[in-house]
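Accompanying notes for the structure given below.
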Ligand SMILES: Cc1cc2nc3c(=O)[nH]c(=O)nc-3n(C[C@H](O)[C@H](O)[C@H](O)COP(=O)(O)OP(=O)(O)OC[C@H]3O[C@@H](n4cnc5c(N)ncnc54)[C@H](O)[C@@H]3O)c2cc1C
Ligand code: SF4
Ligand code: SF4
Ligand code: SF4
Ligand code: SF4
Ligand code: FES
C-alpha cells in the first residue's frame, strides 16, 4: 500500500517529506491507493479537493499541467474566468514543464486560479484550480525548485477523468451534463448523439428508466433533481419526421471479414445494446430471439401506455439499419445450443436471455395451473397479446396483485385497463420500502388502485379449479436489517379473506429453467442466474459472454444496456486479442467509489429555486381506460427551461502512474 | 414557493427582499449600482456567464465570505451583502480584463465604438491594464459576412447569449445555437449553416440586444457616398415612417421627437438630388392591398396576411411555406417607392431612369435582405440600390460632419412622390397598416368616409390583438388580427394552419412594437425597446396633424393612378407593384455520423 509523502486534502496538509513518511491517520478513506493496474503503482492522485503524492519524485508542475489541460479541453467557454483561466494558466504550466520561461509568474497564476475557483459558473471551473492553489500555497518550494532546475519535467504517465455525480450513478455512464448542455445550446440532435454513444434505445430509456442519475443529482440539495429522463425523452422524440437524425452503415468505420460473426441470444435491451455496439465495431451480428418480436421485457412486459410499441420498434430497427439480423422464433435449448452456434460458425456468443419466468409466492395452496392464477409476467404477456389483437382477454370483478416492484405496478394499472372492477395491490412492507418508482405508485392510486400496505397473502382459496379468493394477514415492522430496511413479521390473528376473480403474483422473475443444460458448459449461480465475471462478463465457457437480467436477476433496462456495451467491448477484445483488456475508466471509477472521492453532498453557494417541469399527463379517469401513452413530450420551451437547471457538477480526477496505462476500451 | 420576504444587509443597510429575489434585483430596487454585462432584465435574461456582477456575501452559519454572481444568486435571510469591497472590485476588474483577453478589441474600427457596453464596463471597473490580450485567441471564431443584412463578428462576442435568448424566446425563430467550446465558443446558426442559408429571418432583434459590436448591420455608407459624389447619378432618397420618430436621440434630442424636417434638411446638405417619403408609398400600398383584399374576400379566400414586413416574409417563406398563398402580393412600401421612382418619376421629371439610384433609410435590417430578392429586380435593375439602417444613416451624417441637432428643418418638395396621408404615417407602428386599410376599405364599401377616423379598438399594444369591424356596405363585417413580434405571429400561424383562426385580414410586423422598434433602429444599452411607446405616440400625433387622413385622398396618390397606373390592382399596377413568394424552408437533417463527428467533450466510443 502506498503511503502519502505529501499533499493536501479538504484543506488538511500532509507533509512527510522530511519525516518518516508514515501513512496519515487523518484520512482513513484515502488509504489503499495501490496499483492502478497490475504492476503499475499510482504515484500521485489529483482531484477536486486537493492532491496526494505517494512518490517524492513526481513533478508537481507536470501533474498540474495535465489537470489544467483537461479542464481547458473541457471548458464550455461560456463563463469568463474558466474560459480564460484554463487557457492562460495552461500555457504557463506547459512552458514551465518544458523548462522554458512562462508568460505568467507564480503570483499571477495564483491570482487567476483564485479567480477561477471563486467566480466560475460551474463545478469544472470552481474545483479544477483547488489542487493548483493548494500546491502553490503549501508546497511552493517544490514548484520553485522544479523551475529553478531549468530542465524539462520527465515524462509522466497517467490518465485524467472528468465526471459528475449523475454520470457516476448512471449504469451506462452517460455524460449527462453534456447532453443537457447541448439542449441549452440549442442542439438537441447533438444531445441525442451523446446518448447514442452509449446505447440505441434513447426514447425507450427516456420513458421507462428508473433514473439512478436523478437520485444522485446534486440539484436535489437545492430543490428537485434535474429532469434528466424527461430531457432524454425530449431529445429522442424531437428526432421525428423528415429532419430526423439518420443511422446508416457509413457510421461503421471498417468491416470485419464475414467470418467474424457473433450470435446474440435474446433480443431484449441487453442483446440489442450489445449487437448495436458490435455492429458499430464492424462485426456481423445475428440476434436469435425466442419470440416473434424484438425488445424483450420492454416489448412484452412494459405496457404500451408507458412505452408505445412503435417507439420501441423504431429503436430496435436501428439494428437493421446497421446491418444486423434478427432471427425470430429461435429458442435456445429448443432450436439450438451453444455448441450448435459455434458449429454454425459464430466466433463468439452473448447470452442475454433475461429473467422470463415468474417466481411463485410460496403460500399455501398455490397452484400455478389453476384458472385465475397468473404470474406478473404471464399476465402482462396476455395484455400484450390482447393489444396486439392476437388473443383477447377481459377481466371482471376484483383483481388482486401481490408485489411492490414496477412489474406489480404495471400489473395493477394494466388490470384496470383490462376491465377489472376493483384492483387491489398487496405489499408486505410500507410505502417507503416499495421498490417501484414512486411516481408510478401515485399514478396507480390516482387511477383508482387500492393499495394494502403491510399485507401478505397466506393461503389461496379455490373453487372448482378456479381461484376465488385468498386469506391475507397483516404485517408489522420489526428491527432494521443490514440494508437499513425494517423487517416485517405477521400479526397473529389478523387473518382475513379477500375475494377475487384473478390473483396475480408479481413478486419476481427468474431465468427460465431448462434453457441451459450442463452440456452447454455454462456455470450458474446458486440462485439460478448465469455466472459472469463482473469485469468483462465472461462466462465459464471461453468465447461466451452473458449480461442483463439473466446474470443480475431482474433489474433494469439501463443496467441491461450497460451490460450489452460492456460485453461488446469484451467480445471485440476477445476476437481481436484473444483476451479482454484492462478498462482504465472503470478502474478510475472504482477508485473514486472505494475512496468516496466524488463529494456530492453539499452545494456551496445559494441557488435560486426553480422547480422542475413535469410531463403533461392526462386525467386519471381517462387514463385508466386506455393503453395509449399517458404522458406526452415536453415543449421546446420547457426543455430549455429544464436544461438550465443543471449546475454542471463536473470534476476532474487524475492519476500519475509509474508505467503507461494500458490502452483499453474507453 | 413561498411568498415570504427575507431580511438582509446590503452595504450596511437593512433591506427586505422577496423570497427568491436576486441580489441584483434587490440592489437595483435600492439604488445600489452593480456592474453587469450579460444580464438583460428587459428580456428576462440572466445566464450568469460574464461573472462581472460579483458581490461578497456572508451567510449565517458560514465562517467565510464568498463571492457570488448577484444576477442569479437569491437574497437569503440574514445574508450580509457587500457590493464595493476591495475584493469585489478586484474580482470585477480582473473579470473584465479576462473578457478582453480573447476579445478582438479593435475599438477604433468597431461599429459599436462609443456606444459599447463592454467599453463602458471597462471604465466602470477602473481597468488600467490589459495584460492578457492575444489576438490569436480570437481567430477560432470567425466572421459571418454571408447575409446581405447583417454581419456576425464572433471575434467580438463575449458569450452573453442575449442574442440566443431574444431569437429563441422573444422571436421563437430559434435560429441561433452555441458553437464551439473554450475560447472558441461563440454563437452560430443551426446545423452550421451560414446566416444567409439559415432559418434566420434577419429581423435584427439580436442586434438590438447585443452589448458589443459582435452583431451589426452590413455597413453600406460608402456606397451612398459613392453615389452622392458621382455627378452622373441622380440620388433619390426615401425614409420610412418610423425613422423620423426614432432618430433624434442619436443627436441628443428627446426620444420620440419628430425630426422629419431635420432629416430632409440633412439629406439636402448631404447632396441628395431628390428626397421622397416612404409614407407616400405606404399610401399606395393601402390602395393596392385594399383592392386586393376586397377581391380575395369576394372570392371567399381568407385570411389575407399583410406583406409589408420583409422579416415576416422571410419567416413565412422559411417557417410556414404552406401559408404563402395567403400573403398579399402587394410589394412593401420601400419596394413600391423604388419601382415608382424608376418608372413614373423619371417619366414625369424627364430624367433618364438609368441614372437614378434609390437609397432607402429604414429602421430595419431585413429591408437590406429584401432589396436583393431576385423577384424584385427586372432586367438586372433593382428597385432599390442601397438600404441604410437608421444606425448607418447616423454614421453617414457624422462622417459628413452633419449634426442633426443644429440642422435647420426643411420640407418635402417633390410634387409627385412625397405627400402622405395620416394613414401612411402610422404604418410604422403595430396596427397602423390595418387602420390605414380600414379607412380606405370603408370608403370603397360605402362611398363615404369613415366617421370616426381613429380606430381605438386597433390601437392596443398586446402582442396579438383581434377586432371585428363593421365596414358595412358591400363588405359587411371584417374580422381582423394584428401581431407584432414573431412569438405571437407563430402562435397565430399555428392556429391558421390548424384551421382554428377565423380572420379575414391579418397584419404582421415581425419586430415587437412594429417598425418603430425594428432591428435597424438606434441601439440602446442595457435596455430592450425602451422608447417604443414614445415613438408610437409621435406617429399618432403626425396622423392627427395631417390635412389628409386617408390614403385614397392623398392628391399625389390620386395623380399617380390617374396619370400612370389607371386604378388600384390594374394590369399595370399588378405588373409593377405586386410580387410572389417562394418556399425557402431549410432542410436540416443530419446523420448520426455527422453529429458524432461534431460532438466535443464527451467520450467517444468509436
Ligand atoms: C413488467 C415489467 C416492467 C418493467 N419496467 C421497467 C421499467 O419501468 N424500467 C426499467 O428500467 N426496467 C423495467 N423492467 C425491467 C427491464 O425490462 C429488464 O430489466 C430488461 O428488459 C432486461 O433486459 P434483458 O435484455 O436482460 O432481458 P429481457 O428484456 O428479459 O430480454 C430477454 C430476451 O431473451 C429472449 N429469450 C429468453 N429465452 C430465450 C431463449 N431460450 N432463446 C432465445 N431467446 C430467449 C426473450 O424472449 C427476450 O426477448 C420491467 C420489467 C418488467 C417485466
Ligand atoms: S445538476 Fe446537472 S451535473 Fe449536477 S448532478 Fe444534476 S444533472 Fe448532474
Ligand atoms: S465591441 Fe466594444 S470593446 Fe469590442 S472592439 Fe467594439 S467597441 Fe471595442
Ligand atoms: S436576425 Fe432575428 S431571426 Fe435572425 S438571428 Fe437575429 S433575432 Fe434571430
Ligand atoms: S453575439 Fe452579441 S449578443 Fe450574442 S452572445 Fe455574442 S456578445 Fe452576446
Ligand atoms: S451579469 Fe451576472 S454574470 Fe453576467
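Protein chains in written order, with UniProt numbering: chain A, 1 to 666; chain B, 1 to 606. Cβ atoms here follow ideal geometry from the backbone N, Cα and C, with glycine treated the same way.
query	result
Helix, strand or coil for residue 23 of chain A? Go by DSSP, reduced to three states.	Reliability of the predicted coordinates at residue 23 of chain A is poor, the pLDDT of 49 falling under 50, and no value is obtained from them.
Can you tell me the Cα-Cα spacing of residue 622 of chain A and residue 416 of chain A, whole angstroms?	12 angstroms
Quick check: is any heavy atom of ligand 4 less than 7 angstroms from the C-beta of residue 204 of chain B?	yes
Starting from the beta carbon of residue 159 of chain B, find every residue of chain A whose beta carbon is closer than 9 angstroms, and list them in chain order.	77, 78, 79, 80, 83
From the DSSP output, which residues share a beta bridge with residue 464 of chain B?	B:483
Have a look at residue 655 of chain A and residue 132 of chain A and give me their C-alpha separation to the nearest angstrom.	15 angstroms
Is the distance from the Cβ of residue 216 of chain B to the Cβ of residue 111 of chain B below 8 angstroms?	yes
Identify the contact partners of residue 183 of chain B in chain A, using a Cβ-Cβ distance below 7 angstroms as the criterion.	77, 83, 87
With distances taken Cα to Cα, identify the nearest neighbour of residue 298 of chain B among B:52, B:504, B:410, B:416.	B:504
For residue 381 of chain B, is the classification buried or exposed, using 16 other Cβ atoms within 10 angstroms of its Cβ as the cut-off for buried?	exposed
So does the region 388-399 of chain B actually touch the region 302-319 of chain B, counting three or more Cβ pairs closer than 8 angstroms?	no
Going by other Cβ atoms of all chains shown within 10 Å of its Cβ, with 16 needed for buried, is residue 489 of chain A buried or exposed?	exposed
Any Cβ of chain B within less than 8 angstroms of the Cβ of residue 194 of chain A?	yes
Alpha helix (DSSP H) containing residue 393 of chain B: first to last residue?	390-399
Would you check whether ligand 2 has a heavy atom nearer than 7 angstroms to the C-beta of residue 165 of chain A?	yes
At the level of alpha carbons, what is the spacing between residue 747 of chain A and residue 486 of chain A?	Outside the displayed span of chain A (1 to 666) sits residue 747 of chain A, for which this structure offers no information.
Cα separation between residue 653 of chain A and residue 267 of chain A?	37 angstroms
Residues of chain B with CB closer than 8 angstroms to the CB of residue 186 of chain A, please, in chain order.	164, 168, 174, 176, 177, 178, 190
Output yes if chain B places a C-beta closer than 8 angstroms to the C-beta of residue 118 of chain A; else output no.	yes
Pop quiz: residue 307 of chain B and residue 334 of chain B are said to be a contact at Cβ under 8 angstroms. What is the actual Cβ separation, rounded to whole angstroms?	About 12 angstroms; that fails the 8 angstroms criterion.
Below 8 angstroms, can you find three or more Cβ-Cβ pairs linking the region 213-225 of chain A to the region 629-644 of chain A?	no
If we count Cβ pairs, one from each stretch, closer than 8 angstroms, do we get three or more for the region 98-109 of chain B versus the region 74-87 of chain B?	no
Could you round the C-beta distance between residue 343 of chain B and residue 576 of chain B to whole angstroms and report it? I think they count as a contact, below 8 angstroms.	6 angstroms
State the Cα-Cα distance for the pair residue 399 of chain A and residue 453 of chain A, rounded to the nearest angstrom.	16 angstroms
Taking 8 angstroms as the CB-CB cut-off, is residue 609 of chain A touching chain B?	yes
Quick check on residue 462 of chain A: does DSSP put it in helix, strand or coil?	strand
Just curious, the beta strand (DSSP E) that residue 522 of chain A is in, first and last residue?	Here residue 522 of chain A belongs to no beta strand (DSSP E), and DSSP marks it neither H nor E.
Got a sec, what are the start and stop residues for the beta strand (DSSP E) residue 276 of chain B sits in?	274-277
Just to check, is the beta-carbon of residue 754 of chain A closer than 7 angstroms to a non-hydrogen atom of ligand 1?	Here chain A covers residues 1 to 666 and nothing more, so residue 754 of chain A does not appear.
Of all residues in the structure, which have a C-beta closer than 6 angstroms to any heavy atom of ligand 3, taken in chain order?	B:103, B:105, B:106, B:107, B:110, B:112, B:113, B:116, B:118, B:119, B:156, B:212, B:213
Give the interface partners of residue 606 of chain A over in chain B, defined as CB-CB distance under 8 angstroms, in chain order.	57, 59, 68, 73, 74, 76, 79
Which residues in the same chain have their Cβ closer than 7 angstroms to the Cβ of residue 360 of chain A, if we skip the five residues on either side of it in sequence?	366, 368, 505
Within 7 angstroms: the Cβ of residue 49 of chain B and any heavy atom of ligand 7?	Ligands in the displayed structure: ligand 1, ligand 2, ligand 3, ligand 4, ligand 5 and ligand 6; ligand 7 is not one of them.
For residue 293 of chain B, which residues in chain A fall below 9 angstroms Cβ to Cβ?	Those within 9 angstroms of residue 293 of chain B in chain A number zero; the least Cβ separation is about 34 angstroms.
Name the two residues that bound the continuous beta strand (DSSP E) containing residue 262 of chain A.	261-265
Return yes when the C-beta of residue 218 of chain A is under 7 angstroms from any heavy atom of ligand 2, and no when it is not.	yes
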